[in-house]
Ligand SMILES: [Cu+2]
């Protein structure tokens, strides 16, 4: 987790950050379900509000005991959800509310199938038209 946050602060892609975190924590926490990919991704600039926010983890996660939220720059929660599909046990998504141009934070707290809770957050931006 520290590794992932450190990596995303430096602007490294979420994919690379996930691998970095996995590498750093290998041995003690190999089975943790790290975030490996997201849409929109960390530091992304998108032209329009996304319909869905989708996160993919390195291992299986439990939708029932997980939560994704999207917040505005002031920390106000605008939407939340945790939609999983049995065919894609490593993915979670949420329906995004309509987002006006600005900066947003995606926060996740997920229960990995290994029993550990993995938390983190990242930012993305909806660009002005
Ligand atoms: Cu774990």
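Residue numbers (full-length UniProt numbering): 1 to 129. Where is the CB? At the ideal position from N, CA and C, for every residue including glycine.
Any heavy atom of ligand 1 closer than 6 Å to the beta-carbon of residue i?
i           : result
residue 112 : yes
Taking 6 Å as the cut-off, is the C-beta of residue i nearer than that to any heavy atom in ligand 3?
i          : result
residue 45 : Ligands in the displayed structure: ligand 1; ligand 3 is not one of them.
Output the distance between the C-alpha atoms of residue i and residue j, rounded to the nearest integer angstrom.
i          : j           : result
residue 51 : residue 71  : 15 Å
residue 27 : residue 98  : Residue placement at residue 27 is poorly supported in this model, since its pLDDT is 43, which falls under 50; the coordinates still yield a value, given next. Residue 27 and residue 98: Cα-Cα distance of roughly 42 Å.
residue 55 : residue 114 : 18 Å
residue 87 : residue 61  : 12 Å
residue 39 : residue 49  : 12 Å
What residues in its chain sit with their C-beta under 7 Å from that of residue i, if we drop five residues either side in the sequence?
i          : result
residue 47 : 127
residue 77 : 69 and 71
Using beta-carbon positions only, say whether residue i and residue j come within less than 7 Å of one another.
i           : j          : result
residue 130 : residue 57 : Absent from the structure is residue 130, since the part of the chain shown begins at 1 and ends at 129.
residue 111 : residue 65 : yes
residue 63  : residue 82 : yes
residue 41  : residue 59 : no
Who are the Cβ neighbours of residue i in its own chain at under 6 Å, not counting the five residues just before and after it?
i           : result
residue 109 : 67 and 119
residue 84  : 63 and 92
Between residue i and the rest of its own chain, which residues show a CB-CB distance below 8 Å, the 5 nearest in sequence each way excluded?
i           : result
residue 73  : 102, 103, 104 and 105
residue 117 : 109, 110 and 111
**Report entry** Secondary structure, alpha helix (DSSP H): runs of 4+ residues fully inside the UniProt domain "CopC" (32-126)
**Finding:** Listed in chain order, the alpha helix (DSSP H) elements of length 4 or more contained wholly in the UniProt domain "CopC" (32-126) amount to none.
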